[in-house]
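Worksheet for the structure shown next.
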Amino acid sequence: MKRTKIIIVAHVLAFTLHAQTPVAPTAESVGIPRGDTISGYNVRQSFELGYRWHSVGGDAGMYRSTVNYGNGPRLLSSSLSVNSVDGHGGYFDHVQINTIGLGNDPYESASLRLEKNRLYRYDLSWRSDAYYNPGLTISGGEHFLDTVRHVQDHDFTLFPQGSFKILLGYSSNTQTGPALTTIQQFDVRGDEYPLFANIRRAQHEYRLGTELTMMGFRLNVLHAWVDFKDDTPVSLGAASQGNNLADLNTLTSLQRSEPYHGTSPYWRVALFRENRLWAANGRFSYVAGHRAFVDDETAFGFNRVGTPTGSQIVTLGNAERPALAGNFTFSLFPSAKLTLTNQTSISHIRMVGNSYFTQVTNGIFSTPFNPFTFLGIRTIANATDADLRLNKWFAVRAGYEYSTRRIRSIEGADIRGVTTPPSQRVPIEQENGLHTGLLGVRIRPLKALSILLDTEIGRADHPIYPVSQRNYETYRGRIEYKLKSVRLAGYSRTDYNTNSASLANFASHSRQYGVDGSWIPKNWFSIDASYTKLHLDTLGAINYFAQISTVGPVQQVTTDQSRYVSNIHSGNLSARVSIRQRVDVSAGYSLVQDVGASNLVFPQSFPLRYLSPQGRVSVRIHEKIRWNAGYQYYGYHEDYSGLQNYRAHTAYTSMLWAF
Amino acid sequence: MRYSWGMLVGGVRAVLGLFFLSIFILATPAALPAADYVGSNVCRTCHPNVFASFFRNPHYKSIASGKEKPENTGCESCHGPGQDHVNARGGKATIPVAFSLVSPEKVLDTCLRCHSQTVSRANIRRSEHTQRDIVCTNCHSIHSSPAPKFLLAKQQQSELCYGCHASVRAQFSMPFKHRVNEGFMQCTDCHNPHGSFASTWNMAARPRMVDQAGGNEEPCLKCHIDKRGPFVYEHAAVRVDGCETCHSPHGSTNARLLKRPVTFTLCLECHNGFANFGRRLDGPQNPSASHNLADPRYQNCTTCHVRIHGSNGSQLFFR
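Chains as they are written, first to last, in our numbering: chain X, 1 to 659; chain Y, 660 to 978.
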């Protein structure tokens with residue numbers, strides 16, 4: 001009885017402590033189905049079939065960019081589980097299928113696991129994401145197409161529990177659909193013209209590997225071939241005056257073809273071993289990325305002084321990026337209380353690009369040249385950590401990491417006989433170093449109470465960018481009180497970074513605070529709440545040209561600063577009540593509000609509010625059937641400009657059948 | 660005394676031999692303590708509810724096999740020999756490994772007896788989770804998991820992670836975010852909760868627990884293939900410090916997960932022309948005098964610099 005009660009409580013826990021996930025599919029189940037046993041297999045299934053509605057007021061394009069649920073019938077979720085009762089099935093011992101959102105939801109997924117004990121295991125994951133590309137509203141209204149990404153992964157393991165495994169895999173990632181891009185013509189003071197693109201991208205990865213055990217060591221070798229290609233056509237449509245209607249620039253026709261294809265084959269070799277006194281692992285990988293491309297572009301129109309202009313540009317060439325990485329980690333466990341770990345890593349990436357560029361403008365053939373760039377990044381890092389558990393309630397850990405990075409760069413265009421060939425150019429080189437110290441403690445004064453405190457301090461020399469980490473400090477604290485029916489937690493995290501060199505400076509202050517908790521006094525009632533405050537303020541020196549007065553010339557502004565302040569309050573509240581184990585009612589509320597700055601002068605601050613209350617009722621009308629209905633509201637409100645605000649009502653009803 | 664080539668080879672062989680011998684000695688498992696294993700059928704007598712559905716559990720393989728040693732079979736493979744527990748007629752204290760009573764490191768040791776030998780868990784001993792006493796049973800529920808695959812303690816992986824990472828939950832509640840709550844993505848698409856190798860970007864110090872794509876690239880490139888390159892003209896910031904230079908990967912109040920609501924301030928914070936920064940150490944180039952930043956036309960840099968992640972034909976990322 002007690003065990004049954006624990007299982008029910010665990011079951012309730014699993015279904016109640018939700019983040020603000022979409023209101024459908026329904027989280028409640030009809031119970032714990034025991035399934036039917038057929039020919040030595042236990043079979044369990046569930047299907048949730050339903051219908052979605054939505055109604056949007058305001059900027060429907062913004063709704064489709066951020067939420068995108070539509071109308072229509074859906075297989076909101078389904079699962080099939082087949083298990084061999086004795087573990088000795090014929091061709092398989094376990095089949096597991098799960099789906100979400102099939103039938104035209106913007107976010108669809110399906111997964112399959114098929115395995116036969118000790119012989120094989122096959123995993124399939126298929127996902128689809130349809131998202132709206134808001135840029136196309138320039139077409140004078142909404143369009144009806146989403147850009148769709150399909151991702152699928154197949155992994156097959158032969159002898160999964162054996163000391164010798166064979167690993168086969170295939171992954172595919174395709175992206176198709178409309179998008180917006182722009183082109184700038186005909187010179188640097190020209191205009192920008194929106195273009196429609198029909199995205200056609202694909203990447204395919206094939207994997208072959210093995211894993212074997214020898215003398216307690218495990219060797220894993222994997223080789224993969226990655227092919228990718230893009231052949232996205234763009235079109236101008238009608239003649240365009242560009243974004244700036246005040247000038248004479250006009251683009252009357254454009255043809256562009258810019259296909260590319262490439263490969264990125266990689267090797268990964270890993271050797272590792274875990275023992276009572278020590279553990280070691282080493283990993284080496286090498287990838288040789290290569291891309292061949294051509295860009296053929298012809299444009300006709302009028303330039304900024306109204307002269308008819310025709311321009312043709314052809315670029316073709318190759319780009320390569322070989323990358324090597326290695327890691328070696330050695331851990332010592334001299335006693336049950338102490339763990340010492342040292343990790344050394346090295347990575348070396350080289351990017352080399354050669355291309356041929358030629359341009360013909362109004363029949364005048366400009367000198368062709370070969371742009372050449374080289375970027376090499378070599379990073380070596382060594383980290384040492386010590387973790388000491390002094391007693392049951394107190395532990396301390398400390399660590400030190402040093403990494404050094406060398407960045408080499410060669411840039412230029414090679415005009416034969418005029419400029420220095422790339423091979424004779426002297427690279428520009430710089431070294432960066434980073435020292436990082438870590439210290440943390442874990443305190444558990446009571447079994448239910450845990451306290452974590454840790455800090456990380458880093459000092460870098462020569463950061464590559466003003467916004468990079470230079471002098472940074474991070475402080476984190478977390479306290480949690482956890483019993484079977486109640487959990488309370490609070491945390492705080494502070495990240496400060498200051499970067500200054502020469503005349504430039506950049507400072508970033510990020511502070512996060514939060515509390516969250518859940519209370520499940522009975523298996524028919526639960527409540528879950530969280531509040532988080534995310535603060536970020538940054539200050540950076542900027543340098544630009546601007547026309548300060550309405551009649552004056554463009555001047556250089558060197559003393560301005562970019563100040564950004566974001567104060568985001570985020571809260572989640574959800575509650576669930578089960579009435580006589582027949583009716584489940586759940587409600588949730590999610591709010592994200594950036595209140596912006598309060599006391600700084602002229603900061604960038606863009607207050608907005610995004611809220612989403614939801615409610616759901618689920619009625620068990622039969623031992624195996626539930627009827628569900630839910631409603632979720634989405635409200636997006638920007639204080640600065642209301643052009644993108646929207647209010648969306650979404651609802652669904654469904655029948656869940658499980659057996 | 661003269662040293663010959665043969666002596667040198669012999670010496671190297673001796674050193675290597677001693678090295679591997681020492682590894683072999685250290686690698687030899689310690690003898691198991693004398694113990695009385697009773698078998699899972701005895702456990703079934705008092706725990707029928709657990710056993711009734713155990714055939715669905717991946718750990719049932721050890722029982723179905725029938726070939727495993729007693730210490731690697733069924734209940735006792737995780738909980739230890741049960742004779743004392745049987746003799747005492749029950750009681751948690753008599754279970755050698757009662758997971759609700761033992762220390763986190765004991766939980767880890769027990770699970771890693773079988774589960775240590777995969778690449779994805781190669782760094783579990785030094786992972787951020789382990790160092791904070793977050794071990795296997797904090798995230799996996801062996802007997803009452805609502806998620807058959809990986810035996811997660813909650814039905815949705817994201818809910819499991821949000822249990823501790825509430826600030827991440829807040830980020831994924833924002834209007835612009837990766838579709839994790841919607842079920843399209845999972846935390847493990849980008850993170851390895853069992854610990855990851857040092858990253859190959861951003862000085863190898865941060866971010867931690869971020870899993871790398873096959874070629875040691877940022878996980879972003881697993882999906883965003885058009886940003887992958889290689890390009891003739893790389894935007895060096897992407898390769899040197901990573902995508903997080905400009906984007907907040909979990910979620911943002913700004914479109915396209917950008918760190919700033921307007922583009923030009925994001926760009927100008929680096930492209931300010933001040934010396935000592937950039938790949939040439941002369942500062943990332945600030946906009947030329949042809950850019951009147953007071954004119955809104957110039958404030959969205961990527962309208963013209965459309966190939967901002969990298970370009971094959973334009974050093975200024977025009978095409």
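Ideal Cβ placement from N, Cα and C applies to all residues, glycine included.
Practice task
Establish whether the CB of Pro-178 of chain X and some CB of chain Y are separated by less than 8 Å.
Solution key: No, because no Cβ of chain Y sits closer than 8 Å to the Cβ of Pro-178 of chain X.
Practice task
Could you tell me whether any Cβ in chain X is nearer than 8 Å to the Cβ of Ala-690 of chain Y?
Solution key: At Ala-690 of chain Y, the pLDDT of 42 sits below 50, so the modelled position is not reliable; the number obtained from the coordinates is stated separately. It does not: the Cβ of Ala-690 of chain Y has no partner Cβ on chain X nearer than 8 Å.
Practice task
Take His-710 of chain Y and list the residues in its own chain whose beta-carbon comes closer than 6 Å to its own, dropping the five residues that flank it on each side.
Solution key: Reading off the sequence, residue 710 of chain Y comes out as Phe, not His. In its chain, beyond the 5 residues on either side, Arg-703 have a beta carbon closer than 6 Å to the beta carbon of Phe-710 of chain Y.
Handout entry: alpha helix (DSSP H) segment containing Leu-880 of chain Y, residue limits
Key = Element bounds for Leu-880 of chain Y: 879 to 882.
Exercise for the section: Please determine, among Y:Leu-927, Y:Thr-789 and Y:Ala-953, the residue with the shortest C-alpha to C-alpha distance to Val-551 of chain X. Expected result: The residue with the shortest Cα to Cα distance from Val-551 of chain X is Y:Ala-953.
Exercise for the section: Take Leu-449 of chain X and list the residues in its own chain whose beta-carbon comes closer than 6 Å to its own, dropping the five residues that flank it on each side. Expected result: Closer than 6 Å at Cβ, skipping near neighbours: Tyr-481.
Problem - Glu-764 of chain Y, enclosing alpha helix (DSSP H) - first and last residue - result: Segment 763 to 774, the alpha helix (DSSP H) holding Glu-764 of chain Y.
Exercise for the section: Using only alpha-carbon positions, find the residue among Y:Leu-760, Y:Ser-826 and Y:Val-766 that is nearest to His-909 of chain Y. Expected result: Nearest C-alpha to His-909 of chain Y: Y:Ser-826.
Problem - Counted within 10 angstroms of its Cβ, other Cβ atoms place Leu-534 of chain X as buried (16 or more) or exposed - result: Label assigned to Leu-534 of chain X: buried.
Exercise for the section: Can you give me the Cβ contacts of Gly-937 of chain Y inside the same chain, cut-off strictly under 7 Å, excluding the 5 residues immediately before and after it? Expected result: Cβ neighbours of Gly-937 of chain Y within its own chain (closer than 7 Å, five residues either side excluded): Pro-943.
Practice task
Run the CB neighbour count on Trp-748 of chain X, radius 10 Å, all protein chains shown included, and call it buried at 16 or more, exposed below.
Solution key: Nothing can be reported for residue 748 of chain X, as the shown portion of chain X is limited to 1 through 659.
Exercise for the section: Flag this pair as yes or no: are the beta carbons of Tyr-132 of chain X and Asp-153 of chain X separated by less than 8 Å? Expected result: Taking 8 Å as the cut-off, the beta carbon of Tyr-132 of chain X is found no closer than this to the beta carbon of Asp-153 of chain X.
Problem - Beta-carbon spacing of Ser-77 of chain X, Glu-48 of chain X below 8 Å - result: Yes.
Exercise for the section: Would you check if the distance between the CB atom of Val-592 of chain X and the CB atom of Ser-570 of chain X is smaller than 8 Å? Expected result: Yes, the Cβ-Cβ distance between Val-592 of chain X and Ser-570 of chain X is below 8 Å.
Practice task
Taking 8 Å as the cut-off, decide whether the C-beta atoms of Leu-925 of chain Y and Cys-902 of chain Y are in contact.
Solution key: No, the Cβ-Cβ distance between Leu-925 of chain Y and Cys-902 of chain Y is not below 8 Å.
Practice task
Kindly list the residues whose CB is nearer than 6 Å to the CB of Ser-46 of chain X, restricted to its own chain and excluding five residues on each side of it in sequence; keep chain order.
Solution key: Short of 6 Å from the beta carbon of Ser-46 of chain X, and not among the five residues preceding or following it, lie these beta carbons of its own chain, in chain order: Ser-79 and Ala-658.
Problem - Residue span of the beta strand (DSSP E) that contains Lys-886 of chain Y, given as start and end - result: Segment: none, Lys-886 of chain Y is in no beta strand (DSSP E) and carries neither H nor E.
Exercise for the section: For Trp-860 of chain Y, collect the residues of the same chain with a Cβ closer than 8 Å to its Cβ; drop the 5 residues on either side in sequence, then sort them by chain order. Expected result: Counting only Cβ-Cβ distances below 8 Å, and skipping sequence neighbours, we find Glu-877, Arg-898, Val-899, Asp-900 and Gly-901.
Exercise for the section: Assign Val-229 of chain X to one of three DSSP states: helix, strand, or coil. Expected result: For the sequence presented, residue 229 of chain X should be read as Lys rather than Val. Residue state, collapsed to three classes: strand.
Handout entry: Any C-beta of chain X under 8 Å from that of Lys-886 of chain Y
Key = Contacts with chain X at 8 Å (Cβ-Cβ) do not include Lys-886 of chain Y.
Practice task
Under 6 Å Cβ to Cβ from Arg-405 of chain X, same chain only, skipping five residues before and after it: list those, please.
Solution key: Excluding residues within five positions, the ones whose Cβ falls inside 6 Å are Thr-379 and Asn-432.
Practice task
From the DSSP output, in three-state form, read off Leu-952 of chain Y for me.
Solution key: In the structure shown, Leu-952 of chain Y sits in coil (DSSP, three-state: anything other than H, G, I, E or B).
Handout entry: Within chain X, partners of Cys-770 of chain Y - CB distance below 9 Å
Key = In chain order: nothing, as chain X lies at least about 12 Å away.
Handout entry: chain Y contact for Asp-230 of chain X (CB, 8 Å cutoff)
Key = So yes, Asp-230 of chain X belongs to the interface.
Exercise for the section: With DSSP as the reference, please indicate the residues paired to Arg-291 of chain X in a beta bridge. Expected result: Secondary-structure assignment with DSSP links Arg-291 of chain X through a beta bridge to X:Gly-262 and X:Ala-319.
Handout entry: For Phe-156 of chain X and Tyr-122 of chain X, believed in contact at Cβ under 8 Å, the rounded distance
Key = With a Cβ gap of about 5 Å, Tyr-122 of chain X and Phe-156 of chain X count as contacting.
Problem - Euclidean distance between Cα positions of Arg-511 of chain X and Gln-604 of chain X - result: Their backbone Cα atoms lie some 18 Å apart in a straight line.
Exercise for the section: Please report the residue range of the alpha helix (DSSP H) in which Tyr-63 of chain X lies. Expected result: Where Tyr-63 of chain X is concerned, the enclosing alpha helix (DSSP H) starts and stops at 60 to 66.
Problem - Beta-carbon gap between Gly-101 of chain X and Arg-74 of chain X smaller than 8 Å - result: Taking 8 Å as the Cβ cut-off, Gly-101 of chain X and Arg-74 of chain X qualify as a contacting pair.
Handout entry: Selection from X:Arg-256, X:Val-352 and X:Ser-285 that minimises the alpha carbon distance to Val-269 of chain X
Key = Ranking the options by Cα distance to Val-269 of chain X, first place goes to X:Ser-285.
Practice task
Could you tell me whether the Cβ atoms of Val-67 of chain X and Gln-614 of chain X are closer together than 8 Å?
Solution key: Contact flag unset, no.
Problem - With 16 other Cβ atoms within 10 Å as the buried cut-off, status of Tyr-91 of chain X - result: Exposed.
Practice task
Step through the CB atoms of chain Y and report whether any lies within less than 8 Å of the CB of Asp-639 of chain X.
Solution key: Asp-639 of chain X does not count as touching chain Y.
Practice task
Starting from the C-beta of Arg-828 of chain Y, find all residues in its chain whose C-beta is less than 7 Å away, skip the five residues before and the five after it, and write them out in chain order.
Solution key: Once the five neighbours on either side are set aside, the close Cβ partners of Arg-828 of chain Y are Tyr-821.
Handout entry: Residue interval of the beta strand (DSSP E) (run including Gly-169 of chain X)
Key = Taken as a continuous stretch (DSSP letters only), the beta strand (DSSP E) holding Gly-169 of chain X covers 164 to 185.
Handout entry: Cutoff 8 Å: Gly-552 of chain X Cβ touching any chain Y Cβ
Key = Judged by the 8 Å Cβ criterion, Gly-552 of chain X is not in contact with chain Y.
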